[in-house]
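What follows is one structure encoded as structure tokens, with my remarks underneath.
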């Protein structure tokens, strides 16, 4: 049958032209196409990897930032806290000092008052004594006529004087 | 935006169907013209070959002779589907367009005694004339009048298709390469964007997957056979303007060349492992070897034969089925014009179906041929498959 018997002419032209075009296309099409495809794929691959790296870097930086912010916050809190502590301490110190001073002043005042009081009392005593003496002088002048009543009177006065 | 894409898809689908219908109607139109001139040729060549004296008589009859032969051919000649189909899928020395119109193609003949002869096939005048001691037989072959041996290197219909398709491939793929160079490192555009997915598909899913780490050396060949077969399959499906509508990949000379190229590449690049697998299959008991080695050797030669026949048979069968559906119209039309029109509806519907199927087959066969070539090459360059064979 003609169909399954290869014809010499077609076979000849097929081999010649197919091989010719194959080598032609290999040089001018297949090899450059495959090379450029590969080149593009590697560049895309590299770009993707770079993007991935950049993403990781970004994440790292972000984490860093976060950490920095956290640290800054902690530091701020610490500073605030210490400031507050200092303030409280100062206030309490000032209070203590003030109290102490007040106490001291009060104490001095009290001492002064006491001294003044003692002085006043002494003065009063002296005056009372003088008065008494004057009174006594007057009384004596009056009572010395009666011996018995004189004695009583003196005793009475003496007893009273002891109270002070 | 979305809507316009959808519309584009709709339009392209519509145009696909239009193209399919146009194809079929062209086919029908072409074949409607077929039987009559064919009958003429036949009648003439028969006269010419079988009855030499009759030839003289015919000429003697002069001017009326021609008309008579025409009338005779048209009246009696029955539509012969087998002959028509074989003519369509076979080769020819001229390119028959329609009716009496055919493009003559160069005839190149060489014989030891007559030397090289180059002339137009029109000189045969449909087989009625003898040129330089050669005649055109009615099966379309050239024969020498004295029966001497000669070689026929004619640029036949198939050779024309071959040249045209290879030229088309050069245009397409050098264009693609230039497009690649222009868009170096950028996204594909235009013709490059059409072919790049297929090139990547062949490289990654056929070449790399079947051959392994050494795939780069063989990828250009695989791309070449894949696109050659696919483009020619597709060109065979388009019926009309030459160089379309032929049956190049359904020609055994073409498929055998491709298969033999694969065979040669396989065995030139075959390594020690490959030969060891044939002549000393690993892990096989000694007494089986006398049976196994001949089978392995047969397998080596069966592979290219199978490659050859698969492509040839698939593409030829597709053409035969398509033509047979169309022939039905004329077979029934000869019985009764009404029956012809009735059958035409079903024939055309089946032909549309077949054509869509053939579009798939065109790709599939190109893919299968390429994939099997890659697998054969892969087995030849594979390293250390069976560890125990080497220890």
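Protein chains in written order, with the working numbering: chain A, 81 to 244; chain B, 52 to 442.
Think of the CB as a built atom: it goes at the ideal place given N, C-alpha and C, for glycine as much as any other residue.
Locate the alpha helix (DSSP H) running through residue 147 of chain B, then write down its first and last residues. One-based indexing of the second chain puts residue 147 of chain B at position 96. Run containing residue 147 of chain B: none in the alpha helix (DSSP H); it sits in the beta strand (DSSP E), 145-149.
Buried or exposed: residue 243 of chain B, going by 16 or more other Cβ atoms within 10 Å of its Cβ? On the second chain, position 192 is the one that residue 243 of chain B refers to. Residue environment: residue 243 of chain B is assigned as buried (16 or more neighbouring CB atoms within 10 Å of its CB, all protein chains considered).
In terms of residue numbering, what span does the beta strand (DSSP E) encompassing residue 204 of chain B cover? As a working note, residue 204 of chain B is residue 153 in the second chain. Per DSSP, residue 204 of chain B belongs to no beta strand (DSSP E) and is neither H nor E.
Using beta carbons (cut-off 8 Å, strictly below), is residue 200 of chain B in contact with chain A? Along the second chain, one-based indexing puts residue 200 of chain B at 149. Closer than 8 Å: no.
Quickly, what does DSSP pair residue 162 of chain B with across the bridge? List them, please. Looking up residue 162 of chain B in the second chain gives position 111. In DSSP, residue 162 of chain B forms a bridge with B:166.
Near-chain A residues of the segment 202-231 of chain B (beta-carbon distance less than 7 Å), N- to C-terminal order: Flagged, chain order: 202, 203, 204, 205, 207, 209, 210, 213, 214, 217, 220, 221, 224, 225, 227, 228 and 231.
Under 9 Å by beta carbon: chain B residues contacting residue 84 of chain A: As a position in the first chain, residue 84 of chain A is number 4, starting the count at 1. The answer, in chain order, is 303, 360 and 363.
Could one say the Cβ of residue 367 of chain B lies closer than 8 Å to chain A's Cβ atoms, at least one of them? Residue mapping note: residue 367 of chain B aligns to position 316 of the second chain, counting from 1. At least one chain A Cβ lies under 8 Å of residue 367 of chain B.
Should residue 289 of chain B be counted as a contact of the ligand SAM given a C-beta to heavy atom distance under 7 Å? Absence of the ligand SAM is noted for the structure shown, with no ligands found whatsoever.
May I ask you to verify whether the segment 231-239 of chain B touches the segment 187-204 of chain B, counting CB pairs closer than 8 Å and requiring at least 3? Output reads no: the segment 187-204 of chain B does not touch the segment 231-239 of chain B.
Rounded to a whole number of angstroms, what is the C-alpha to C-alpha distance between residue 190 of chain A and residue 184 of chain A? Reading the first chain from its first residue, position 110 is the one you call residue 190 of chain A. Reading the first chain from its first residue, position 104 is the one you call residue 184 of chain A. For residue 190 of chain A and residue 184 of chain A, the distance between alpha carbons rounds to 10 Å.
Between the segment 335-349 of chain B and the segment 283-290 of chain B, are three or more C-beta pairs nearer than 8 Å? As far as the Cβ criterion goes, the segment 335-349 of chain B does not touch the segment 283-290 of chain B, which means the pair count is below three.
Ordered along the chain, which non-local residues of its own chain (more than five positions away) have a Cβ less than 6 Å from that of residue 310 of chain B? Reading the second chain from its first residue, position 259 is the one you call residue 310 of chain B. Once the five neighbours on either side are set aside, the close Cβ partners of residue 310 of chain B are 355, 358 and 359.
By the criterion of Cβ-Cβ separation under 9 Å, what are the contact partners of residue 114 of chain A in chain B? Counting from one through the first chain, the residue named residue 114 of chain A turns up at place 34. Those are 250, 254, 267, 270, 271 and 274, listed as they occur along chain B.
Which whole-angstrom value is the C-beta distance of residue 246 of chain B and residue 227 of chain B, which I expect to be below 8 Å? Numbered from 1 along the second chain, position 195 holds the residue referred to as residue 246 of chain B. Numbered from 1 along the second chain, position 176 holds the residue referred to as residue 227 of chain B. Yes, residue 246 of chain B and residue 227 of chain B are in contact; Cβ-Cβ is about 5 Å, under 8 Å.
Grab me the residues of residue 145 of chain B's own chain with a C-beta within less than 7 Å of its C-beta, minus the 5 sequence neighbours each way, in chain order. As a working mapping, residue 145 of chain B is identified with position 94 in the second chain. Excluding residues within five positions, the ones whose Cβ falls inside 7 Å are 153, 154, 155, 156 and 172.
From the DSSP output, read off the bridge partner residues of residue 185 of chain B. Looking up residue 185 of chain B in the second chain gives position 134. Here residue 185 of chain B is bridged, per DSSP, to B:182 and B:195.
At a Cβ cut of 8 Å, what residues of the segment 118-136 of chain A count as close to chain B, listed as they run along the chain? Listed by position along the chain: 119, 120 and 123.
Measuring only the C-alpha atoms, how far is residue 111 of chain A from residue 339 of chain B? Residue mapping note: residue 111 of chain A aligns to position 31 of the first chain, counting from 1. Residue mapping note: residue 339 of chain B aligns to position 288 of the second chain, counting from 1. Cα to Cα, the separation comes out at about 45 Å.
Give the residues of chain A in contact with residue 443 of chain B, contact being defined as C-beta atoms less than 8 Å apart. Residue 443 of chain B lies beyond the range of chain B shown here (52 to 442); nothing can be said about it.
Integer-rounded CB distance, given that residue 213 of chain B should sit under 8 Å from residue 300 of chain B: In the second chain, the residue the question calls residue 300 of chain B occupies position 249. In the second chain, the residue the question calls residue 213 of chain B occupies position 162. The beta-carbon separation of residue 300 of chain B and residue 213 of chain B, rounded to 10 Å, does not stay under the 8 Å limit for a contact.
Give every residue of the same chain whose Cβ lies closer than 6 Å to the Cβ of residue 139 of chain B, excluding the five residues on either side of it in the sequence, and list them in chain order. Residue mapping note: residue 139 of chain B aligns to position 88 of the second chain, counting from 1. 374, listed in sequence order.
Are any of the Cβ atoms in chain C nearer than 8 Å to that of residue 373 of chain B? Checking the listed chains, one finds no chain C in this structure; the protein chains it contains are A and B.
Going by Cα to Cα distance, which pick from B:370, B:391, B:429 and B:241 is closest to residue 283 of chain B? By one-based count along the second chain, residue 283 of chain B stands at place 232. That would be B:370, whose Cα lies nearest to the Cα of residue 283 of chain B.
With a cut-off of 8 Å, does the C-beta of residue 300 of chain B fall near any C-beta of chain A? For the purposes of this step, residue 300 of chain B is identified with residue 249 of the second chain, where counting begins at 1. False, the Cβ-Cβ gap to chain A never drops below 8 Å.
Cβ of residue 308 of chain B less than 8 Å from any chain A Cβ? Here the question's residue 308 of chain B lines up with position 257 in the second chain. By this cut-off, residue 308 of chain B is an interface position.
How many angstroms separate the CA atom of residue 116 of chain B from the CA atom of residue 176 of chain B? For the purposes of this step, residue 116 of chain B is taken as residue 65 along the second chain, with counting starting at 1. For the purposes of this step, residue 176 of chain B is taken as residue 125 along the second chain, with counting starting at 1. Residue confidence is low: residue 116 of chain B scores 35 on pLDDT, short of 50, so the model does not pin down where it sits. Its coordinate-derived value is still stated next. The straight-line gap separating the alpha-carbon atoms of residue 116 of chain B and residue 176 of chain B is approximately 16 Å.
Unbroken alpha helix (DSSP H) run spanning residue 327 of chain B, endpoints: The count along the second chain starts at 1 and reaches residue 327 of chain B at position 276. Element bounds for residue 327 of chain B: 323-330.
C-beta neighbour in chain A for residue 89 of chain B, strict 8 Å: Walking along the second chain from the start, residue 89 of chain B turns up at place 38. Model confidence at residue 89 of chain B stands at a pLDDT of 38, short of 50, so the residue's coordinates are unreliable; what they give is reported in the following sentence. Cβ-Cβ to chain A under 8 Å: no for residue 89 of chain B.
Per DSSP, what kind of secondary structure is residue 152 of chain B in: helix, strand or coil? Indexing the second chain from 1 puts residue 152 of chain B at position 101. Residue state for residue 152 of chain B is assigned as strand, using DSSP reduced to three classes.
In the segment 270-336 of chain B, which residue ranges form an unbroken beta strand (DSSP E) of at least 3 residues, counting only runs that do not cross its ends? Correct list: empty.
Would you verify that the beta carbon of residue 236 of chain B is, or is not, closer than 8 Å to some beta carbon of chain A? Translated into the one-based positions of the second chain, residue 236 of chain B becomes position 185. By the rule that beta-carbons nearer than 8 Å mark a contact, residue 236 of chain B touches chain A.
Taking residue 196 of chain B as the reference, give the member of B:205, B:180 and B:209 with the closest Cα. Translated into positions along the second chain, residue 196 of chain B becomes position 145. Of the candidates B:205, B:180 and B:209, the one whose C-alpha sits nearest the C-alpha of residue 196 of chain B is B:180.
Going by CA-CA distance only, name the one from B:304, B:193, B:220 and B:397 that's closest to residue 381 of chain B. Against the second chain, residue 381 of chain B aligns to sequence position 330. For residue 381 of chain B, the closest alpha carbon among the candidates B:304, B:193, B:220 and B:397 is that of B:397.
Within 10 Å of its beta-carbon, does residue 270 of chain B have 16 or more other beta-carbons around it, so buried, or fewer, so exposed? The residue given as residue 270 of chain B occupies position 219 in the second chain. Taking all protein chains in view, the Cβ of residue 270 of chain B is crowded by 16 or more other Cβ atoms within 10 Å, so the residue is classified as buried.
Alpha helix (DSSP H) containing residue 235 of chain A: first to last residue? Indexing the first chain from 1 puts residue 235 of chain A at position 155. Where residue 235 of chain A is concerned, the enclosing alpha helix (DSSP H) stretches over 227-242.
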